[in-house]
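Encoded as structure tokens, the structure appears first; notes follow it.
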Amino acid sequence: MYLPPGWPQEVLPPGSPDWETSAVTWLLDAVPPDYRAYGVLRRYPLALARMARQHVDATVEAARAGYRTAAVDLKEHLPPHAVEAVLAAYRREGPRLVELGASIALVEQALRGEPFVARLDESGQRRSPR
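First residue of the sequence shown: 6, per this note's numbering; consecutive thereafter.
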């Protein structure tokens, strides 16, 4: 079975035994721990994927806003090296969150029953369907 780039290695391929269980476990690790209290999210993995995608999308936007304002907001309260360390943390965390969001979107697509189709790019290499 073809799995697109960005498919989380912790999640079994769609259609394999217990794949949805592995997806739920992985998705719950991507959201705040309080989400575990809602049985409906375990019973309906697609609902969990949707909520996880929205949570991570909002976190990406918050990180972007935080990066834009951190230097100004913190310069009077932290030494310059600490401000730079905060900005470096945002620079590392932002791409991780974007990648996580893309992986969640792939799992959500699979939970919707939408197949992944390998496509070739101009150079004849496989590329993601998105």
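Where a beta carbon is used, it is the ideal one built from N, C-alpha and C, also for glycine.
The C-alpha of residue 75 is placed about 8 Å away from the C-alpha of residue 91. The C-alpha of residue 110 is placed about 10 Å away from the C-alpha of residue 116.
With distances taken between CA atoms, residue 96 lies nearest to 71 out of 71, 9 and 62. DSSP assignment within the segment 70-125 yields the following whole alpha helix (DSSP H) runs of 4 residues or more, N-terminal first: 85-116.
A distance below 8 Å separates the beta carbons of residue 57 and residue 35. In chain order, 18 and 121 place their CB closer than 7 Å to the CB of residue 8, counting only its own chain and leaving out the 5 sequence neighbours on each side.
Note that the C-beta distance between residue 113 and residue 52 is not below 8 Å. Apart from sequence neighbours up to five positions away, the residues of its chain that approach residue 102 with a beta-carbon distance below 8 Å are 61, 64, 65 and 68, ordered along the chain. In the structure shown, residue 36 falls within a coil segment according to DSSP collapsed to helix, strand and coil.
Where residue 47 is concerned, the enclosing alpha helix (DSSP H) starts and stops at 44-48. Cβ atoms of residue 12 and residue 108 come within 8 Å of each other, at about 7 Å. Close CB contacts of residue 16 within its chain, under the 8 Å cut and outside five residues either way in sequence, are with 24, 27, 28, 31 and 112 (chain order). The C-alpha of residue 104 is placed about 27 Å away from the C-alpha of residue 44.
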